[in-house]
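Chemist:
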Amino acid sequence: MKKQPNKWLLFSGLVFQIGILIYIMIHLGLWIESQISLKNKLPTIICLVIGMLIIIYMIRKKSKNFY
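Counting from 1, position 25 in the sequence shown corresponds to residue 24 in numbering that gives the first Met the number 0; the numbering is continuous, with no gaps.
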């Protein structure tokens, strides 16, 4: 019988991945704003939404192993 990994360990690693992804996407949006010289925060919001969609995909992929 195959031993399943510890759920807490798996999802605690996911927390760090989520934090790093949010950080990267926010800075990507800010960089895009500075390159186009925009005063609104639309690129940051778009990058953040894309990051949230990636996070939802990551969570579904990780939790699929347990159901």
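Each residue gets a CB set at the ideal place from its N, CA and C atoms; glycine is no exception.
Where Y22 and I54 are concerned, what is the direct C-alpha to C-alpha distance, given to the nearest angstrom?
Modeler: Using only the alpha carbons, I get a separation of about 12 angstroms.
Chemist: Output the distance between the C-alpha atoms of K60 and L9, rounded to the nearest integer angstrom.
Modeler: Those two C-alpha atoms are separated by around 12 angstroms.
Chemist: Going by beta carbon distance, what residues of the same chain come within less than 7 angstroms of L20, once the five residues before and after it are set aside?
Modeler: Cβ within range, chain order: G50, I53, I54.
Chemist: Can you give me the start and stop residues for the alpha helix (DSSP H) that L9 sits inside?
Modeler: Unbroken alpha helix (DSSP H) run through L9: 6–35.
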